[in-house]
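A.B. asks:
2 protein chains.
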Amino acid sequence: MESGESIFEAAQREFKEETNLTPTSPHLKGVYTMIIKDGEKTVDEWMLYTFIAYGIEGEQFQETREGILEWHPIEALRQLPMAEGDRNNLLFAALDEGIQYGTFTYTMDYELIDERFQSSKET
Amino acid sequence: MESGESIFEAAQREFKEETNLTPTSPHLKGVYTMIIKDGEKTVDEWMLYTFIAYGIEGEQFQETREGILEWHPIEALRQLPMAEGDRNNLLFAALDEGIQYGTFTYTMDYELIDERFQSSKET
């Protein structure tokens, strides 16, 4: 996030920067506390937010410095290579109702040590 | 928030600490970027989260170091003394559907200089 941005503005800006597409109606689906531990000691801690968008506008980049952009069906989230924590977050965002909260603890080599979750819905 | 807590756990813990009540089914309603400016310079910045709860359990404190605890009807949020930014947040949480995002900019004396909002709903 840039100084003074809301998470909604940051999500739109980052998505645009990386894809050249503007997400229409982005909606927050997850808020996660990320912890990096060196043994017992917490060496880094940050918040991760996941959004879904119900549509997109614009002309998509073919390739960026992050790699070649590709579309995948939602079910492919179960097999595509990624951090296990991200897999869980993205499946919740794509398939479940409401908001998920949680904490992921990783080693300094990004090995997942621990994860726990809560979720809630508007009633 | 304490280290390693999710925002959901932090909200439950803080509410319990200040009221002795446990909120049942808390649900996130707002995520705000808070900025304190000294002239043009940003001197502090943090995230504020608002939750609603659909019920409570336990025996309520009469008084805490924060003051005497009182119940108010939702409409009283429009008149009760509080920071103007909080009034907006709490009215959204109590009355509107979906999630609100935004940025509040205050002076070092907590005078509201600027506020802007976005919101989204699950569709």
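So the protein lines, in turn, are chains A and B.
Per the working numbering, residue 63 is the first one in the first sequence, and the count goes up by one each step.
Per the working numbering, residue 63 is the first one in the second sequence, and the count goes up by one each step.
All C-beta atoms, glycine included, are put in the ideal place defined by N, C-alpha and C.
Between D171 of chain B and the rest of its own chain, which residues show a CB-CB distance below 6 Å, the 5 nearest in sequence each way excluded?
C.D. replies: The sequence position of residue 171 of chain B within the second sequence is 109, counting from 1. Closer than 6 Å at Cβ, skipping near neighbours: no residue.
A.B. asks: Would you grab the beta carbon distance between I118 of chain A and T84 of chain A for me? Rounded to a whole angstrom, and I think it's under 8 Å.
C.D. replies: Mapped onto the first sequence, residue 118 of chain A falls at position 56. Mapped onto the first sequence, residue 84 of chain A falls at position 22. About 7 Å separates the two Cβ atoms, so the contact holds.
A.B. asks: By alpha-carbon positions, which one of B:K99, B:G92 and B:K91 ends up nearest to Y168 of chain B?
C.D. replies: The residue labelled residue 168 of chain B in the question sits at position 106 within the second sequence. Of the listed residues, the one whose Cα sits closest to Y168 of chain B is B:K99.
A.B. asks: So, E177 of chain B versus G164 of chain B, is the Cβ gap smaller than 8 Å?
C.D. replies: The residue you call residue 177 of chain B lines up with position 115 of the second sequence. The residue you call residue 164 of chain B lines up with position 102 of the second sequence. Their beta carbons are under 8 Å apart, which means E177 of chain B touches G164 of chain B by this criterion.
A.B. asks: Could you check where the beta strand (DSSP E) with L142 of chain A kicks off and where it finishes?
C.D. replies: What you label residue 142 of chain A is simply residue 80 of the first sequence in a count that begins at 1. Counting along the chain, L142 of chain A falls outside any beta strand (DSSP E), and DSSP gives it neither H nor E.
A.B. asks: Residues in its own chain within less than 7 Å of K183 of chain B by CB, not counting five upstream and five downstream?
C.D. replies: Position 121 of the second sequence, counting from 1, holds the residue named residue 183 of chain B. Taken in chain order, the residues that qualify are E159 and G160.
A.B. asks: Using a threshold of 8 Å, state whether the C-beta atoms of Y111 of chain A and A73 of chain A are closer than that.
C.D. replies: What you label residue 111 of chain A is simply residue 49 of the first sequence in a count that begins at 1. What you label residue 73 of chain A is simply residue 11 of the first sequence in a count that begins at 1. Yes; because the gap between Cβ atoms is below 8 Å, this pair is in contact.
A.B. asks: Please list the residues of the stretch 73 to 89 of chain A that have a C-beta atom closer than 8 Å to any C-beta atom in chain B, keeping them in chain order.
C.D. replies: Against chain B - using a Cβ distance shorter than 8 Å - the residues of the stretch 73 to 89 of chain A are S87, P88 and H89.
A.B. asks: Where do the N-terminal and C-terminal ends of the beta strand (DSSP E) with R75 of chain B fall, by residue?
C.D. replies: Within the second sequence, the letter at position 13 stands for residue 75 of chain B. R75 of chain B -> not in any beta strand (DSSP E); alpha helix (DSSP H) instead, spanning I69 to T81.
A.B. asks: Within 10 angstroms of its Cβ, does K103 of chain A collect 16 or more other Cβ (buried), or is it exposed?
C.D. replies: Here residue 103 of chain A corresponds to residue number 41 of the first sequence, with the count starting at 1. Label assigned to K103 of chain A: exposed.
A.B. asks: Taking Cβ-Cβ distances below 7 Å as the criterion, which residues of the stretch 111 to 122 of chain A are in contact with chain B?
C.D. replies: Taking 7 Å as the Cβ-Cβ cut-off against chain B, the residues of the stretch 111 to 122 of chain A that qualify are Y116.
A.B. asks: In chain A, what lies closer than 7 Å to I69 of chain B by C-beta?
C.D. replies: As a first step, residue 69 of chain B is located in the second sequence; it is residue number 7 there, counting from the start. Neighbours of I69 of chain B on chain A, chain order: V93 and Y163.
A.B. asks: Tell me whether E177 of chain B sits in a helix, a strand or coil according to DSSP, three-state version.
C.D. replies: For the purposes of this step, residue 177 of chain B is identified with residue 115 of the second sequence, where counting begins at 1. Three-state DSSP puts E177 of chain B in a strand.
A.B. asks: Indicate whether at least one CB of chain B lies closer than 8 Å to the CB of E107 of chain A.
C.D. replies: Position 45 of the first sequence, counting from 1, holds the residue named residue 107 of chain A. Interface residue, yes.
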